[in-house]
Amino acid sequence: KMVINAAGNVGMGTTSPTNKLVVRGLSSSGVASADNVAQFEGPSGTNGFQVFVDDTNNNTGIQAKNGDDFLLNPLGGNVGIGTDNPVPALHVYQDNTKGGTAAGLTIEQEGTGDAVLSFLLTGTERWKMGIDNSDSDKFKISKASNLSSNNALTIDANLNVGIGTATFDATYDAKLQVTSGANDGTGGILIQNYLPTLTLLDISAGASASQLQQDGTNMVFKNSGSERMRIDSEGEVLINATSKLNGYTS
Numbered sequence: 551k552m553v554i555n556a557a558g559n560v561g562m563g564t565t566s567p568t569n570k571l572v573v574r575g576l577s578s579s580g581v582a583s584a585d586n587v588a589q590f591e592g593p594s595g596t597n598g599f600q601v602f603v604d605d606t607n608n609n610t611g612i613q614a615k616n617g618d619d620f621l622l623n624p625l626g627g628n629v630g631i632g633t634d635n636p637v638p639a640l641h642v643y644q645d646n647t648k649g650g651t652a653a654g655l656t657i658e659q660e661g662t663g664d665a666v667l668s669f670l671l672t673g674t675e676r677w678k679m680g681i682d683n684s685d686s687d688k689f690k691i692s693k694a695s696n697l698s699s700n701n702a703l704t705i706d707a708n709l710n711v712g713i714g715t716a717t718f719d720a721t722y723d724a725k726l727q728v729t730s731g732a733n734d735g736t737g738g739i740l741i742q743n744y745l746p747t748l749t750l751l752d753i754s755a756g757a758s759a760s761q762l763q764q765d766g767t768n769m770v771f772k773n774s775g776s777e778r779m780r781i782d783s784e785g786e787v788l789i790n791a792t793s794k795l796n797g798y799t800s
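The numbering of the sequence shown is the numbering used here, which starts it at 551 and goes up by one.
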């Protein structure tokens, strides 16, 4: 039944509407096409969407009929979740103390497909990032329409990192593996900084760190923070800052 009260509020399924329109229906999960709070259809009666309220699980939702696509602002306009002032096309805002699985966004895959996020410049370039379900659940960033090719970055379940490869060489059991198909000296690693430094540290108790450092035109080798050897731009070798050698001769 429908009522219109003295304030002009319309109620359907309730005799005391407190808003301009109040529709009170059955509790449902939106799975069925019937017994929802409301249903909106096109002229064919086939396409449309339904509004449902699940009192059991404290959920409210909108579900398209027959697996149709559900569009938000297809002609323009931003969508905000948790905000009334969305800046990009999709703006998610939180102001709470939540962490772990309750924070941010989740992309979940229960089937055999990948849990993936896709980036596309229309007709030009596509990148994907996500969990490759068909490759030992590795996390990948790929310059492709899938996660099975052109892998730029791969992290496996043991937190091994691969750059340019998704296949790790078990011979060395390395935490970082960089692979390039180039055979001309390119495709390596560049450390660019003031005094760029590569540090090797044994995490055993009492162990010291060794460093390889570029100091101007000199290549410097350090141990425990002290310089032990350097090679200058002319190939001269200085060991412990006391013995100068030509090349590698002693």
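Cβ atoms here follow ideal geometry from the backbone N, Cα and C, with glycine treated the same way.
Check: CA-to-CA distance, glutamine 644 to glutamine 742, given in whole angstroms; Outcome: 37 Å
Check: CA nearest to the CA of leucine 576, picked from Ser566, Lys570, Val587; Outcome: Val587
Check: Pick from Ser699, Ile753, Phe718 that is closest to alanine 707, judged by C-alpha positions; Outcome: Phe718
Check: Host beta strand (DSSP E) of threonine 704 (start-end); Outcome: 701-705
Check: Delimiting residues of the beta strand (DSSP E) encompassing serine 698; Outcome: Careful: serine 698 lies outside any beta strand (DSSP E) and carries neither H nor E.
Check: Rounded separation between alanine 639 and proline 746 - CA only; Outcome: 40 Å
Check: Proximal residues to valine 572 (C-beta, below 6 Å), its chain only, five neighbours per side dropped; Outcome: Gly561, Thr564
Check: Nearest-angstrom Cα separation, counted from alanine 732 out to leucine 762; Outcome: 25 Å
Check: Identity of the residue in Lys772, Ser774, Asn768 nearest valine 787 by Cα; Outcome: Asn768
Check: Strand pairing of phenylalanine 599, partner residues [DSSP]; Outcome: Phe590, Ala614
Check: From Asp605, Phe590, Asn569, residue whose alpha carbon lies closest to that of serine 578; Outcome: Asp605
Check: Own chain, CB closer than 7 Å to aspartate 664, minus 5 neighbours either side, in chain order; Outcome: Gly680, Ile681, Asp682, Asn683, Leu697
Check: Any beta strand (DSSP E) of 3 or more consecutive residues that is wholly inside the region 629-670; Outcome: 629-631, 640-642
Check: Own chain residues within Cβ distance below 6 Å of asparagine 710, not counting five before or after; Outcome: Phe718, Lys725
Check: Proximity of phenylalanine 602 and glycine 611 at Cβ, strictly below 8 Å; Outcome: yes
Check: Buried/exposed call for threonine 672, threshold 16 Cβ in 10 Å; Outcome: exposed
Check: Residue environment, lysine 570, which counts as buried when at least 16 other CB atoms sit within 10 Å; Outcome: exposed
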